[in-house]
Structures are given as structure tokens and as C-alpha cells.
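Heads up, the thing below is written out as C-alpha cells.
Residue numbers (UniProt numbering), protein chains in the order written: chain A, 1 to 387; chain B, 1 to 387; chain C, 1 to 379; chain D, 1 to 379.
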């Protein structure tokens with residue numbers, strides 16, 4: 001037995017013994033997800049136990065170093081962990097922006113002290129993080145952000161407003177882009193961390209066209225942020241932010257490619273049938289696009305693994321995947337007819353078709369608009385002039 | 001009987017007596033058209049007689065003043081003339097760029113001497129004109145033209161090259177945009193007229209992807225043009241050119257709207273049938289667009305008549321009409337299958353479907369590209385900033 | 001007839017535009033009703049104002065107390081309703097209902113039309129059975145019972161059904177479910193025993209009913225037109241409703257486009273107004289063209305319908321299909337060009353997207369009508 | 001299997017790319033043949049070179065003297081043929097013909113495959129009857145006659161038909177014209193009596209025949225596969241030809257796109273490189289995405305076909321439909337972005353447009369394959 005085989009056997013045995021049966025069922029609702037944080041209310045005892053057991057072994061962040069709360073697995077081991085988790089359908093013990101986004105940034109840009117402090121908190125699910133990037137005036141043009149941190153010697157006084165802060169009303173801390181030099185657009189932004197209970201921080205949920213949402217507006221009114229709470233160098237927060245955005249875009253393009261974009265003609269046919277030949281033709285054309293895009297998703301992941309994909313290819317995946325997904329829901333609405341229009345009925349589980357359709361409209365806006373994606377493709381892949 | 005009724009009766013009687021029966025049959029081939037000019041070979045005696053009889057009464061240009069070779073009809077009378085011509089299916093006695101394009105420009109910008117001289121020649125079909133606008137380096141950006149006329153006191157020496165000169169190899173004279181001031185982009189162009197037999201003028205026909213074409217490249221090698229042969233002021237030729245381009249665009253948009261854009265599904269069904277349901281759906285969607293555009297064409301003409309149309313609306317008509325026509329031929333090719341691919345066969349009359357399809361690709365380029373049309377709509381109709 | 005408004009129509013348009021943009025605007029109507037959890041689907045006071053301005057009687061003959069005008073005039077009202085997303089029973093009542101009742105007995109007309117003209121009554125069409133529009137298939141059973149009929153079955157997507165004074169119901173009196181003929185139209189009063197409403201709010205905040213008919217008895221006087229020959233009147237009502245919804249759609253598209261171009265002229269990104277970006281300019285210019293063409297198709301179809309032309313039927317489907325596609329493009333581009341704020345409930349552009357969807361579905365969507373264009377064209 | 005080339009495939013691609021871009025380029029091949037009024041449809045010397053490089057035998061088994069490789073490898077050759085618009089009998093001979101003959105008797109294989117591998121023979125598929133691809137309907141009559149069969153009828157769109165050493169003919173031996181079964185495949189030698197060719201030049205300068213069969217007699221040894229059971233072999237040949245034409249289309253699209261982006265970087269208008277205009281940038285970026293997706297669909301289908309997967313059939317139609325649409329967009333955008341010069345015969349972009357059309361039509365166009373995707377998916 002090789003080392004890896006032995007490792008796999010250990011993991012398998014540990015999972016068999018420690019993953020509660022309830023935690024092996026598919027996630028159905030938002031509140032099946034364990035987000036952690038100060039105020040988190042566990043949905044079940046099993047959810048709590050599962051988190052605690054994983055925390056004890058560093059399994060919430062298996063590939064982070066042990067000193068930071070991880071299990072110190074190398075890539076081969078981490079892959080085995082994922083495979084064994086998938087084999088029994090185990091739920092992730094902990095999900096959070098801390099793990100997905102802030103963690104990787106701290107690992108790359110944080111001081112040793114910051115890593116020990118914040119990464120361990122994240123790994124244990126003690127602190128729930130949110131992300132303060134977008135502002136009302138700076139959407140696609142993120143770097144034009146205006147939230148300002150005035151230098152007061154050992155701290156900044158932060159004033160301004162963020163928008164699209166997911167779960168800001170549930171988060172404990174925020175990682176936030178703040179302008180610390182008004183004279184320098186790109187090199188005048190710092191990446192700050194602070195507690196959401198700091199006086200002067202307030203949030204307001206955003207209602208979307210699809211209904212309630214996890215997004216908030218977040219307001220900063222003379223918020224005091226100690227100087228130690230900066231990640232990376234002063235005024236070089238844009239480097240940290242770009243690193244994170246890359247992560248986010250890959251996550252979105254990955255998601256778009258794999259799960260959601262299956263062919264739909266056969267599904268529509270089973271649910272009520274297709275009695276309009278023009279709709280049938282539209283579904284057929286969509287299915288061609290969707291099945292071709294599924295192949296593209298597979299190819300993209302294969303190429304990423306071996307470094308063959310163009311570094312800007314995620315932009316193409318994000319563009320095509322989100323546009324297709326919007327089209328998919330347009331067709332589902334057309335196929336669903338008047339039933340799909342219902343907004344609050346029991347039959348539609350509270351308007352699921354319509355709300356999902358409307359929600360997809362954000363796909364081509366959030367995480368970089370389709371227009372920005374096309375700009376990036378034109379510039380970085382096609383090398384068009386002045387792009 | 002009103003004056004106009006009497007006028008109509010006169011016209012009708014004259015046409016009955018003077019329009020030869022052969023000239024009341026539909027035009028079938030290019031050489032059924034009487035273009036006039038020094039070298040014109042009449043296809044039939046009837047064609048010649050019909051021209052001569054019309055020339056004698058000023059009917060080749062019925063709404064031009066009598067002093068310039070016209071019949072001096074007012075708009076109401078000219079409408080009656082057109083109606084009576086249409087009633088018996090009479091062919092135009094004379095077709096020419098002189099009538100459609102140069103004539104209106106001379107009427108607006110020419111000196112009295114020029115009007116008497118050139119307009120009478122045009123009205124009598126003595127001189128066939130061609131248009132020297134585009135150059136290889138200046139397509140959509142017409143005003144960047146480089147053909148240069150060096151001032152030599154009483155004449156210019158013209159050097160340069162034109163492209164897309166329709167029938168340059170058959171024309172007697174050219175009306176030509178020539179740069180006469182290199183320092184001033186817009187106000188450095190003059191509108192010159194000269195004989196195509198002037199030493200230094202040569203032409204070469206352009207073969208298109210659809211086959212032979214009336215277009216030529218035209219070369220000027222030290223061509224002497226007397227100063228009297230300028231229309232409008234020195235360096236203000238762009239005003240004349242813009243006036244002419246307006247005419248051209250309206251002609252193209254009018255043509256696009258009326259004849260060519262009929263629905264095609266039923267035609268395809270009759271010729272061989274539609275056995276593919278996706279093709280049927282595409283034809284149905286096209287027919288929706290085509291029938292809607294036909295209504296738009298009708299509305300546009302109605303509104304133009306009473307001055308209700310936006311002055312830039314022809315750009316919209318040209319854009320939509322030409323894009324639709326291209327799509328129409330894509331569908332006709334798809335419906336025609338492998339037969340429509342034939343290039344030289346008797347069955348396809350020498351590849352008519354394929355050549356027509358390819359020829360339509362120029363619709364959205366000639367007379368202002370679709371991109372230029374969209375720019376103009378954005379700027380002049382939508383008033384978008386910086387457009 | 002030229003394809004623009006004559007003087008009377010232009011005057012009507014002026015009046016209606018100001019009135020609806022004022023009284024019928026999004027904030028005082030759609031948002032107020034929606035946020036107040038209105039369950040009626042319209043504001044009775046505004047409906048009364050429509051009547052005071054004579055709008056409710058546009059398609060009612062002068063003999064019946066209306067103005068005896070045509071679809072062009074009704075379309076003028078509908079376009080402004082669309083542009084302002086005004087919740088209103090105008091389409092179901094003054095267009096579809098009034099057209100159907102125009103072919104009814106004097107008795108039936110007398111029972112309902114005065115209320116319609118006075119802005120006191122509402123009518124609803126109970127036609128579809130199932131989630132998609134299939135007017136050629138009617139299964140709701142209408143058996144003869146004594147002097148009248150007994151109705152059993154169900155109807156879906158009955159807009160304003162729960163508050164209507166009468167339902168215009170298509171029932172099967174002969175033949176099988178998919179026979180074109182053999183149907184009869186009834187005006188069923190709201191208080192008829194055996195009617196059940198399941199009223200649901202739709203995405204655009206309008207209210208539609210699933211209506212069940214449990215042995216609902218109506219007398220013979222409730223029949224509109226001929227027994228077994230209801231298709232003829234139904235087709236007229238459908239044509240009116242289809243071109244009406246197409247006209248309203250052009251208003252929705254125009255309203256969305258106006259919001260969007262205004263936004264392009266004020267929103268800055270990367271140091272420029274976003275309307276300066278050529279990619280957006282070209283998309284806006286293309287969209288403008290599509291909306292213009294849709295408008296032309298609608299007025300052409302209205303004129304043909306008013307003139308009783310045999311080509312009207314084809315052109316109505318062209319207009320509904322084209323208006324649906326163009327307006328759908330307008331709301332999609334509208335939300336996308338607004339970016340993040342376009343996704344928020346606070347901005348109105350999303351409301352246009354919602355109304356577009358519901359209107360497009362009403363009496364046949366773009367696919368239905370494209371297919372119908374093919375069928376009517378013989379392929 | 002990952003969706004990129006393995007080492008051997010990457011090596012093959014390197015070799016083939018250089019070879020075809022050199023010997024098979026537009027000027028020395030397509031333009032030379034076309035302008036010289038070639039009536040053969042390809043250059044025999046180049047075909048011989050294909051053989052010398054081993055390309056002709058890619059899909060021929062090692063037992064039959066070939067390389068025994070798969071559709072991914074054939075696709076590598078076809079993509080470069082597409083990119084250079086190389087007139088070549090590769091698709092009809094080494095892909096479609098060789099696939100069909102791979103299922104023939106040893107005798108038949110021995111008769112034709114060595115010539116194919118040696119680059120001395122050409123094969124043609126005689127399948128379609130009429131202007132559109134309808135492989136499910138075969139009317140050409142093949143009656144038993146003595147030891148063999150007598151063929152009567154006609155075939156259209158037979159690419160390379162007039163110069164082929166053998167025609168692979170689908171004939172009806174049982175059942176009615178629209179029965180799926182009851183057809184038999186024949187390898188009919190070029191010199192069989194009663195064959196008439198009307199060879200016509202197509203828009204892309206390739207040569208296709210209308211072939212008439214006037215009581216053409218062939219012996220029983222000419223049958224490929226089973227009598228009355230030709231559909232199975234035909235389906236394999238069709239799959240090979242369809243994914244092959246899809247691969248060639250991605251080459252056509254890629255070639256057109258490369259020309260177009262190069263032009264965007266050199267042509268100036270209004271004082272700017274036209275590639276600086278954002279509207280064109282966005283269209284180019286969208287087109288890039290479509291071409292990438294088409295490429296992925298093609299390689300996925302090739303791998304499934306090579307693996308004998310049951311999903312291959314569906315994916316072949318996805319790939320052909322997607323490649324057709326993407327490449328059609330590439331050539332339309334290519335000509336438009338070239339402006340006036342794109343319309344001239346002097347520029348190559350128009351040649352891409354012509355080839356796209358002919359290839360898209362071969363063995364089913366985008367509409368045919370989209371419909372087939374729906375049918376195979378059960379709707």
C-alpha cells in the first residue's frame with residue numbers, strides 16, 4: 001500500500017466513524033449550510049458535531065497549514081479528502097467567504113501574526129466574514145471606489161458606503177477596500193479588516209427584483225480601524241483585491257459550466273410537453289448550445305489542470321455561461337406559460353420559476369459584467385488594439 | 001375638370017400615343033435599361049425612339065426646369081406623371097447617375113452656366129456619369145480621402161485612386177471628390193467634374209465574391225482638370241457630397257423597404273417544401289420580421305411625405321432593411337440546399353441563388369456600413385453622449 | 001390610410017399621455033397597490049377616471065353608449081398604460097370583454113356595457129385551460145340544462161377573474177375537445193353558484209384566477225352569439241386582445257427604452273458616461289430600430305382590423321410576435337445596461353421586465369404567433 | 001480522457017499544420033485550381049503527398065494497411081484543410097469512404113483501400129436524392145439481377161463523384177422509400193455501365209455530381225455489409241462524415257477569424273485602427289467564444305465516437321450544428337468587418353464564406369442537426 005493509499009484508508013475510516021448520517025444528505029435549503037460565526041444558530045446537533053469534529057482535525061480547511069487551523073494536506077491528499085467526502089455525499093462542515101476568499105488572500109499577503117490569528121478563527125468557524133468591494137458609484141469600474149480612510153496616526157477613520165455586500169447583516173467582520181490616497185487611483189487603495197460591530201457600521205438589506213436577497217448596503221460613519229488591521233502594504237490593496245477577484249470569477253465560471261447548464265428540451269417535454277413547434281426549435285437550438293458549452297466546461301477544467309488554458313479564459317467561460325443561463329430561464333419561462341408567472345402560489349413553491357428567472361439576470365452583472373468580460377477577452381486573448 | 005385633371009388627361013393621351021409597346025414590358029435584364037452616354041448602344045429601335053420622344057418634351061427629367069432640359073412640372077404634376085407611367089408599366093426612358101445624383105447637386109450648388117450646360121446634357125442622355133467618392137484607404141471614413149488636386153493656376157493636376165466607381169469603364173464623365181487642401185480635413189475637399197477620356201484616367205473592373213460587377217478601380221495619373229469644372233466653392237465639396245449621400249441612402253432604404261423584403265416561408269414551401277421543422281421555425285420568425293419591416297417601410301414613406309419622419313430615420317431603414325435582406329438570403333440558401341450551391345449550372349441560371357446571396361453581403365457595407373448607420377442613430381436620434 | 005395618427009387620434013394621444021403619466025404612474029399606482037398588498041389588481045378610482053375621460057367606451061358602439069372608435073384609438077390608451085405599467089382592467093374589460101359583448105343580445109349588452117362605460121364594471125376572459133394559450137382546444141363542458149346550460153370544468157390565467165362582474169367563458173357545447181367549432185361563449189355573472197376562484201398574484205403584481213366551474217348553471221340569455229358557433233365572436237375578441245396586448249407591449253418596450261437611454265446619459269464608469277461606449281451605443285441603436293418596427297407592425301395591424309381587412313388576422317400575429325420580441329429585448333437590455341441597480345426592486349426597470357413577461361404570455365406568446373404566421377401563410 | 005490532444009496527437013497536429021499551411025495554402029491550391037478551371041476538384045500531387053505523410057490511412061485499420069487511428073486524428077487533418085480551404089478528397093475518401101469500406105468484405109477492401117492509402121484513389125458518397133440531406137429516405141432502386149443487383153435512380157450532391165474510383169451508393173433493396181431499413185450499400189466502380197455524371201462546380205469551387213443510374217449492374221461482391229441491412233454501416237459513415245465536416249468547419253471558422261482579427265489590427269478608419277472600436281471588439285470577443293465552444297463540442301464528439309459511446313450520436317449532431325452556426329457567424333462577421341474589400345474576389349475572406357456554406361450543407365446543416373438533437377433527446 002502506498003502512502004496515499006494508506007492516507008485514503010485513514011480518511012475513509014475517519015469519515016465512516018465521524019460524519020453523522022444527517023450530514024450525508026444533500027443540502028436542500030440555505031439553512032442546511034453551516035456558515036459559522038458568532039451568531040450562527042446550528043440547525044441540528046449533527047451539524048454542530050460535524051463542525052466540531054472537523055475543526056479538531058483541521059478538516060474545515062484541509063489544505064491549510066496546521067499552524068493556521070488546517071490539516072496541512074498536500075494537493076494529492078486534499079484531492080483524496082474531496083473524493084472521499086464526495087463518495088459518502090458528506091456536506092462541507094463549514095462554508096464561508098473566510099475560507100473561499102479572505103483565507104487565500106491572507107495566505108498570500110498576510111503577516112505571520114495575521115495568519116495565525118485570523119486563519120485559525122476562520123478554520124474554527126468563529127468569525128463570519130463579508131466582502132466590502134462595490135460601491136454605488138463604482139460597479140464595473142471598481143477601482144473608482146470612494147470610501148475613504150483618513151489617516152489618524154495609529155488608526156484610520158473610515159467613511160463611505162458599500163453595496164452588494166453579501167450577508168453583511170449576518171457577518172461578524174468585513175474585508176474591505178478603502179481609499180487611503182486620493183491622489184493615486186490604483187495605488188491608493190488599502191485592504192482593511194474590521195469588526196462589523198465597530199460603532200458607525202450599519203447595514204440595510206437589498207430587495208431584488210427576484211425578492212429578498214443576501215445582499216446589503218453597508219454604511220460607514222466615522223468607523224475607527226486600527227492600523228494593524230491592514231492586509232498587504234498601505235495603498236497596495238488593489239493587488240490583494242485582484243487576486244481575490246480572480247478566485248471569484250473562476251468559482252462563478254466553474255459553477256456556470258458544470259451544474260446549471262444542462263439541456264432542457266427533454267425536461268420541458270416531460271413536464272407538460274412542447275406543443276408549439278417554434279418553441280421546440282428554440283429548445284433544440286438551446287440544447288445544441290448547452291451541450292456544446294458543457295463540453296467546453298469539461299475542456300476548460302481539463303486544460304486548467306495542466307496549465308493549458310489561457311489565463312483569461314475564465315472570462316470567456318463566465319461570459320458564455322451566464323448568457324446561456326439567462327437564455328435558459330427565458331425558455332423555461334416560455335415553456336412554463338402562465339403557471340410560471342405565479343409569484344406567491346403554492347404550486348410554484350412561492351414563485352420559484354419566475355424568481356429564478358429574474359435572479360439569473362444578475363449572472364451577467366455580478367462578478368464582472370458581460371461587457372467587462374468581452375473587454376477582457378478583446379484585450380488579453382485577442383490582443384486587439386486600445387482594448 | 002381641374003387643371004390637374006386636364007394635365008393628367010394630356011399626359012395619358014401623350015403616353016398612349018408615344019410610348020412604344022415594347023417599352024411597356026417589365027425590365028428583365030441589365031441591358032433593358034437605357035443608360036445613355038456617348039458609347040451607348042440601344043438595344044432596340046423602340047428604346048431609342050422612346051428616349052428621343054421623351055427628350056423632346058423634357059420627360060426624362062420631368063420636374064427639372066425647362067431651361068435645363070426638363071418639363072418644369074411641379075410636384076403634383078410630377079406625381080401624376082409617375083402614376084401615369086406606372087399605369088401602363090412604362091419603362092423609364094433614361095436612367096443615370098446624372099439624373100439621380102449629379103443633377104440634384106448641380107441644381108442646388110451649380111452656377112447658372114453649369115446648369116445650362118451639364119443638366120441639358122444629362123436630360124438628353126448625351127453624357128453618362130460616374131461617381132468618384134470612395135478610396136482604398138477611406139471607406140466609412142470617406143472624408144479621409146487622399147486623391148489630390150494640385151493647384152496650377154487655371155487648372156488642377158489630379159493624382160490618386162478611387163474605388164467602387166460604378167460603371168467607371170462605361171462612363172463619359174466623372175463627378176469626383178478631390179482634396180485641394182491637405183491642411184483642412186473637412187474643408188479641404190472640392191467637387192470636380194471631368195472627362196473620363198482625359199489623359200491619365202484609367203479604370204479596372206473589380207471582381208466580387210459574387211462574380212463580375214459594375215464596380216471599378218479608377219486611377220488618376222496627372223489628370224488636368226480646368227478650374228471651371230468645380231461645383232460649389234473651392235474646398236467646400238464636402239457639403240455637396242453630403243447632400244448627395246443623403247439622396248443615395250434614401251434610395252437604398254426605399255428600395256430595401258419596398259420590393260425585396262417580402263415574406264419567404266410560403267415561397268419556400270411552394271418551391272420544394274420545408275421538411276425541417278427548425279427551418280420552418282426560422283422562416284416563421286423571419287416572416288414576422290419581414291412583414292413587420294414592410295409595415296415600417298410603409299409608415300416611413302407615409303411620414304416622410306408629411307415631414308413627420310426623423311431626418312436620420314433613413315439610417316434606421318437602411319440598417320434594418322439590409323440586415324434583414326442578408327438574413328433572407330441566408331435562409332434561401334438553407335432552403336435551397338445543395339442546388340443553391342451551384343455556381344455555373346443551367347438549372348440555377350448560372351448560380352443565381354448563390355451569387356444573389358453573396359451580393360447581399362455588400363448591402364450592409366455600400367452606401368454607409370451598418371456600423372456607421374448605428375453610430376448615426378445613436379448620435380442623431382438617441383442623442384447619446386460622445387457618439 | 002397613412003400609418004400615423006390622424007388629427008383626432010393625435011389629440012386623443014396628447015390627452016391620454018398626460019393623464020396616464022400623471023394619474024397612472026408607477027409610484028401612485030403599481031407600487032402603491034403592490035406594496036399595499038392589493039388583491040383587486042387595479043384601483044377603482046382610477047378606473048372611474050378612465051370612464052370620465054370616455055376611454056372605457058372606445059370600442060363600445062355609440063348605440064351602446066360608447067364612442068364607437070377603433071383599435072388604433074384603443075391602442076393609444078394601451079400604449080400609455082404599458083409605458084406607465086398602470087394596473088388596469090382596460091384590456092380585459094374595455095377591449096376583450098367589450099368586443100365580445102358587442103356581438104351579444106341587446107339584453108346582455110344592456111346588462112353589462114353601461115357598467116363598463118361608466119367605469120363601474122370589470123369583465124374577464126376565461127379561455128385558457130392549462131398554462132399555455134391553446135384557444136383551439138376547449139374542454140370546459142357546457143351541457144344543456146333546462147332553459148340554459150350547466151358548466152363544468154376549469155379555466156386558468158383569468159386576469160381580473162376574481163373581481164370581474166362577468167366572466168366571458170368559452171365552453172364546449174358540441175364536438176370533441178380539439179374541434180374548432182362546437183363551442184359557445186357565455187357571459188357568466190360573478191355570483192353564479194358553483195364558481196370557485198383561486199386568485200394568485202403574478203410576477204407583474206397583476207392578479208389572475210384559476211377558476212373552477214362546478215355545475216354552474218346559466219340561463220340561455222347568457223349566450224353570446226350563436227350556440228355552438230362561439231368561435232366567430234371569440235376570434236374577434238382574441239384579435240382585439242392580441243393587438244391590444246401588442247400595443248401595450250410597445251408601450252412597455254418604449255418605457256423601458258426611455259429609462260435605459262436616460263441612464264446611459266447619466267451613469268459614469270471608467271470616467272465616461274456609459275452611453276459613450278460604442279458597444280452600448282450600437283446595441284441601443286439596434287434596439288431602437290426593433291422598437292420602431294414593432295410600433296409600425298402594431299399600427300398596421302390595428303388599421304387592418306379597423307378596416308375589416310382579410311389580412312388583419314395575419315398582421316395581428318405579426319404584430320404580437322414582433323412586439324413581444326422587441327420588448328423582451330428592451331427589458332433584457334434595460335436591466336443589463338442598468339447593471340446592479342437594475343436588479344434592485346428600488347429601480348423601475350425590473351418592473352418593466354416583469355410586465356413584459358406577463359403581457360407576452362397573454363393570448364399567445366411570440367412562439368405561438370410566429371407559428372400562427374407560418375400556418376396562416378400556408379406552411 | 002481529457003479534452004485536449006495527447007502527445008501523439010499534438011505531434012501530428014504540429015506536422016500537419018505546417019504541411020498543409022505550406023503545400024495546401026489558398027494560393028497554390030484553391031486559387032490555382034479554380035482560376036485554372038480545374039474540373040477534378042483536387043490536386044492529385046497533393047493527394048499523393050497526403051499519402052506519403054500517412055494521412056490517407058488515419059481511419060484505415062492497421063490490418064488494412066492504415067494507421068488505425070481515430071476521429072480525433074482525422075479531425076486534426078480536417079481542421080487544417082478547413083483553415084487553408086484546401087481542395088481535397090480527404091473527407092469523402094479517407095473519412096467517409098474509408099469508414100464505410102472498413103465494414104466491407106476483405107475482397108472489397110482489397111480492391112479499394114490500398115489505392116486510398118496510397119493516395120491514388122478517391123471515393124465518393126452517393127447518398128442524397130434531392131437538394132436537402134434526408135438519409136432516412138432512399139428511393140434509388142436496387143433490384144436483384146442474377147448474381148448481383150441492378151441500380152436505377154439518381155443521386156445528388158455527390159462530391160468528387162465524377163473523379164471517384166468508386167461510388168458508395170445507398171440503394172433501396174426492400175421496403176418503401178421512407179423505411180429506415182431495407183437499404184443496401186454498394187461500392188460501384190467508376191466504369192460500371194449506365195452511370196451518368198452531370199458534374200457542376202459549386203460556390204466553393206468544389207465539384208459535385210448529379211449522378212444518374214440507368215440500370216447499372218453490379219455483382220454481389222459490391223455489397224458493403226448486409227443486404228437490406230446497409231443502414232448500420234451507413235450510419236457509421238455518416239457519423240464520420242458529419243464530425244469530419246464539423247472539424248473542417250472549425251478550421252474554416254478559425255481561419256476566417258484569424259484573417260479578421262489581423263485586419264482589425266491593421267485597417268485604419270477615422271484615425272484609429274478599427275480593432276479599437278469597442279463595438280467591433282465585443283463582436284470579435286463573442287465570436288471567439290462561439291468558436292472555442294464549437295471546437296470543444298467537436299473534440300468531445302470525436303472522443304465519444306472513438307470510444308464507441310452511446311452518446312456519440314447526439315454529440316455529433318451537437319457538434320455539427322454548433323460548428324455550422326459558429327463558423328457561419330465567423331464568415332459573416334469576417335466579410336462585414338473587412339468592409340468593401342471583403343466583397344472583392346481578391347481578398348480571401350469571401351472564399352471562407354463560400355466554403356462554409358458548402359460544408360455546412362454536407363450531410364445535414366445546422367437546422368437538420370438541431371432537429372436531430374431534439375429527436376434523439378426524445379422531443
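Glycine included, every Cβ here is placed at the ideal spot set by N, Cα and C.
Kindly list the residues whose CB is nearer than 7 Å to the CB of residue i, restricted to its own chain and excluding five residues on each side of it in sequence; keep chain order.
i                     : result
residue 201 (chain C) : 207
Whole angstroms is fine: what's the gap from residue i's alpha carbon to residue j's?
i                     : j                     : result
residue 390 (chain A) : residue 29 (chain D)  : Missing from the structure shown is residue 390 (chain A); chain A here goes from 1 to 387 and no further.
residue 11 (chain A)  : residue 46 (chain A)  : 19 Å
residue 383 (chain B) : residue 273 (chain D) : 25 Å
residue 39 (chain B)  : residue 322 (chain D) : 53 Å
residue 111 (chain C) : residue 266 (chain B) : 46 Å
residue 115 (chain B) : residue 281 (chain D) : 48 Å
residue 17 (chain C)  : residue 173 (chain A) : 51 Å
residue 171 (chain D) : residue 378 (chain D) : 29 Å
residue 255 (chain A) : residue 300 (chain A) : Low per-residue confidence applies at residue 255 (chain A): pLDDT is 45, beneath 50, and the placement is therefore not dependable enough to give any value.
residue 183 (chain C) : residue 41 (chain C)  : 29 Å
residue 20 (chain C)  : residue 84 (chain C)  : 7 Å
residue 205 (chain C) : residue 329 (chain C) : 21 Å
Exposed or buried, which one is residue i when buried takes at least 16 other CB atoms within 10 Å?
i                     : result
residue 350 (chain B) : exposed
residue 75 (chain A)  : exposed
residue 27 (chain D)  : exposed
residue 71 (chain D)  : buried
residue 14 (chain D)  : exposed
Determine the chain A residues that contact residue i at a beta-carbon separation under 8 Å, and present them in chain order.
i                     : result
residue 277 (chain B) : 277, 280, 281
I'd like the list of long-range same chain contacts for residue i, defined as Cβ closer than 8 Å, with 5 residues on each side in sequence excluded.
i                     : result
residue 166 (chain A) : 97, 130, 131, 214, 215, 216
residue 206 (chain B) : 163, 164, 213, 215, 216, 217
residue 52 (chain C)  : 119
residue 312 (chain D) : 239, 301, 304, 305
For a contact meaning CB atoms closer than 8 Å, what does residue i contact in chain D?
i                     : result
residue 140 (chain B) : 269, 270, 339
List the residues of chain B whose Cβ lies closer than 8 Å to the Cβ of residue i, in chain order.
i                     : result
residue 284 (chain A) : 278
So, for residue i: in the same chain, excluding its five sequence neighbours on each side, which residues have a beta-carbon less than 6 Å away from its beta-carbon?
i                     : result
residue 333 (chain B) : 340, 357
residue 174 (chain D) : 182, 228
Quick one: list the residues of chain D neighbouring residue i, beta-carbon separation under 7 Å, in chain order.
i                     : result
residue 354 (chain B) : 203
Residue i touches chain B at which residues, Cβ-Cβ below 9 Å?
i                     : result
residue 353 (chain D) : 209, 358, 361
Run through chain A and tell me which residues come within less than 7 Å of residue i, C-beta to C-beta.
i                     : result
residue 244 (chain C) : Correct list: empty, because the minimum Cβ distance to chain A is about 17 Å.
Contact set between the segment 331 to 345 of chain C and chain A, restricted to residues whose Cβ is under 7 Å from the partner: 335, 336, 339, 340, 343, 344, 345
Residues of the segment 303 to 336 of chain B whose Cβ lies closer than 7 Å to any Cβ of chain C, in chain order: 303, 308, 316, 319, 320
Short-range partners of chain C found in the segment 200 to 220 of chain A, where Cβ spacing is below 7 Å: 206, 207, 208, 209
Contacting positions in the segment 262 to 293 of chain C - beta carbon closer than 7 Å to chain A: 269, 270, 279
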